[in-house]
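Q: I'd like to ask some things about the structure below.
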Amino acid sequence: MTARRLDPLRLPLRGHRLIEASAGTGKTYTLVTLYLRLLLEAGLDVADILVVTFTNAATEELRGRIRRRICEAVDALDTPGAADASLAAILDGLPDRRAARRHLVDILTRLDEAAVYTIHGFCQRLLRENAFESRVAFEAEFVSDESELRRTVIADFWRRQTESMSILEARWLRRQWRTPLDLLEALGPLVRDERIQILPDPAAMAQTVDFAALAEAFEALKGAWCADREAVVQILETSSGLNRRSYTRPVVQRAVAAMDEMLSGDLPLSLPDELERFTPALLKAQTRAGEAAPTHPFFHRWAAFAETFDRTLKARRITLLAAARDF
Numbered sequence: 115m116t117a118r119r120l121d122p123l124r125l126p127l128r129g130h131r132l133i134e135a136s137a138g139t140g141k142t143y144t145l146v147t148l149y150l151r152l153l154l155e156a157g158l159d160v161a162d163i164l165v166v167t168f169t170n171a172a173t174e175e176l177r178g179r180i181r182r183r184i185c186e187a188v189d190a191l192d193t194p195g196a197a198d199a200s201l202a203a204i205l206d207g208l209p210d211r212r213a214a215r216r217h218l219v220d221i222l223t224r225l226d227e228a229a230v231y232t233i234h235g236f237c238q239r240l241l242r243e244n245a246f247e248s249r250v251a252f253e254a255e256f257v258s259d260e261s262e263l264r265r266t267v268i269a270d271f272w273r274r275q276t277e278s279m280s281i282l283e284a285r286w287l288r289r290q291w292r293t294p295l296d297l298l299e300a301l302g303p304l305v306r307d308e309r310i311q312i313l314p315d316p317a318a319m320a321q322t323v324d325f326a327a328l329a330e331a332f333e334a335l336k337g338a339w340c341a342d343r344e345a346v347v348q349i350l351e352t353s354s355g356l357n358r359r360s361y362t363r364p365v366v367q368r369a370v371a372a373m374d375e376m377l378s379g380d381l382p383l384s385l386p387d388e389l390e391r392f393t394p395a396l397l398k399a400q401t402r403a404g405e406a407a408p409t410h411p412f413f414h415r416w417a418a419f420a421e422t423f424d425r426t427l428k429a430r431r432i433t434l435l436a437a438a439r440d441f
């Protein structure tokens with residue numbers, strides 16, 4: 115595409131034209147000039163011309179500017195030499211000035227019918243005039259700001275979700291988003307663009323959401339820790355193969371204290387970072403070359419629980435966001 119300097123007095127009135135312009139470059143002047151040329155040079159009526167802009171203020175300005183320009187054209191046709199340069203360039207090429215004047219005077223009496231709309235206003239008019247085809251009610255209310263409507267909907271969704279949630283899930287929900295408005299904010303991109311896909315697939319993830327099973331696994335973990343705590347602590351404190359710069363006595367004590375605290379209460383909503391010290395993967399990574407990594411059934415039990423915990427909470431977040439978007 116080749117960019118050319120715009121001259122609204124010579125721009126062809128047929129075909130498609132893309133005009134790029136920044137603020138203050140004369141967009142309104144160009145539209146008004148083209149509108150007048152369509153009336154005089156193409157002989158169009160107000161019903162034949164559609165002008166669409168962005169804001170209500172812009173439509174009112176355009177209507178006023180168009181009316182004033184038509185009035186100026188009528189005066190110039192009555193008084194030779196009264197036209198400014200751009201108006202004279204349009205009027206001088208008219209084959210019949212009297213017919214042009216009659217046409218403009220007639221246009222002025224019906225200028226209130228001019229199709230000058232905002233984008234939303236034009237779409238609303240189309241829906242109203244084609245109500246049967248569009249299946250939109252005649253009295254449909256146009257909502258330019260959906261904020262209040264979305265707040266109402268998300269509050270309703272929140273209420274319905276919490277009615278059927280367990281106490282544990284309700285605690286998790288409040289941990290993720292303290293209020294419905296926080297959830298609405300998190301939904302922002304998903305609501306604004308329906309083409310955005312939620313991955314992994316929420317339908318598949320829903321099969322992994324089982325807070326009851328997670329709670330049972332947590333209780334089983336409590337029993338295992340109670341039975342194996344002494345042996346596990348001894349392994350962590352005395353294993354000769356462990357890198358003692360990573361598994362110092364204070365580090366081990368903090369990890370054990372974190373496990374004690376977590377397993378003395380209800381199922382938590384997050385796992386302390388210190389508990390990674392109990393995973394077989396980290397124990398193996400922190401074992402010196404040539405040495406055997408310390409092992410114990412509790413390490414594997416803990417790793418399995420931590421994986422299930424993370425998977426369950428991630429899946430619940432994904433499924434809830436998907437449900438909220440589709441609500």
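Sequential numbering of the sequence shown, starting at 115, is according to our numbering. Just so it is clear, CB atoms sit at the ideal spot from N, CA and C, and this is done for glycine as well.
#1: Among all the DSSP beta bridges, which residues are the ones paired with residue 165?
#2: Figure out for me which residue from 289, 188, 210 has the closest Cα to the Cα of residue 384.
#3: Is the beta carbon of residue 389 sitting closer than 7 Å to the one on residue 329?
#4: Which of the three DSSP states, helix, strand or coil, is assigned to residue 191?
#5: Do you know whose CA, among 249, 234, 283, lies nearest residue 166's CA?
#6: By DSSP, does residue 435 sit in helix, in strand, or in coil?
#7: Express the C-alpha separation of residue 138 and residue 258 in angstroms, rounding to a whole number.
#8: For the alpha helix (DSSP H) that residue 149 lies in, which residues bound it at each end?
#9: Among 149, 437, 172, 236, which one has its Cα closest to the Cα of residue 123?
#10: Determine contact between the stretch 276-285 and the stretch 321-339, defined as no fewer than three beta-carbon pairs at a distance below 8 Å.
#11: Beta carbon of residue 160, beta carbon of residue 213: below 7 Å?
#12: Do residue 240 and residue 184 come within 7 Å of each other at the CB atom, strictly closer than that value?
#13: Based on Cα-Cα distance, which residue from 136, 147, 428, 362 lies nearest to residue 320?
#14: Cβ atoms of residue 154 and residue 110: under 7 Å apart, would you say?
#15: With distances taken between CB atoms, is the gap from residue 216 to residue 191 smaller than 7 Å?
#16: Note down the Cα distance separating residue 295 from residue 286, rounded to an integer number of angstroms.
#17: Quick check on the burial criterion: 16 or more other C-beta atoms within 10 angstroms. Buried or exposed for residue 303?
#18: What are the complete beta strand (DSSP E) segments, minimum 3 residues, inside the stretch 310-389?
#19: Using 8 Å as the threshold, is the stretch 391-402 in touch with the stretch 332-342, meaning 3 or more CB pairs across them?
#20: Within this structure, are the beta carbons of residue 322 and residue 415 separated by less than 7 Å?
#21: Within 10 angstroms of the Cβ of residue 143, are there 16 or more other Cβ atoms? Answer buried if so, exposed if not.
#22: Mark residue 219 as exposed unless 16 or more other C-beta atoms lie within 10 angstroms of its C-beta, in which case mark it buried.
#23: Is residue 386 near residue 399, with beta carbons less than 7 Å apart?
#24: Skipping 5 residues on each side, what residues in its chain have a beta carbon closer than 8 Å to that of residue 360?
#25: Please determine, among 266, 434, 316, the residue with the shortest C-alpha to C-alpha distance to residue 276.
#26: In the structure shown, what three-state DSSP assignment does residue 426 receive?
#27: Quick one: grab the DSSP three-state call for residue 401.
#28: Is residue 152 near residue 145, with beta carbons less than 7 Å apart?
#29: Would a C-beta distance cut-off of 7 Å place residue 406 and residue 355 closer than the cut-off?
#30: Between which two residues does the alpha helix (DSSP H) carrying residue 220 extend?
A: Result, derived from the coordinates:
#1: 230
#2: 289
#3: Against a cut-off of 7 Å, the Cβ pair of residue 329 and residue 389 comes out as no contact.
#4: Three-state DSSP puts residue 191 in a helix.
#5: 234
#6: helix
#7: 26 Å
#8: 141-154
#9: 149
#10: yes
#11: no
#12: no
#13: 428 is the residue among 136, 147, 428, 362 whose C-alpha sits nearest the C-alpha of residue 320.
#14: No answer is possible for residue 110: the residues shown for the chain start at 115 and end at 441.
#15: no
#16: 16 Å
#17: exposed
#18: The DSSP assignment places no complete run of the beta strand (DSSP E) inside the stretch 310-389 (cut-off: 3 residues).
#19: no
#20: Taking 7 Å as the cut-off, the beta carbon of residue 322 is found no closer than this to the beta carbon of residue 415.
#21: exposed
#22: exposed
#23: no
#24: 400
#25: 434
#26: Here residue 426 carries a helix assignment [DSSP, helix/strand/coil].
#27: strand
#28: no
#29: A contact, by the Cβ cut-off of 7 Å.
#30: 211-223
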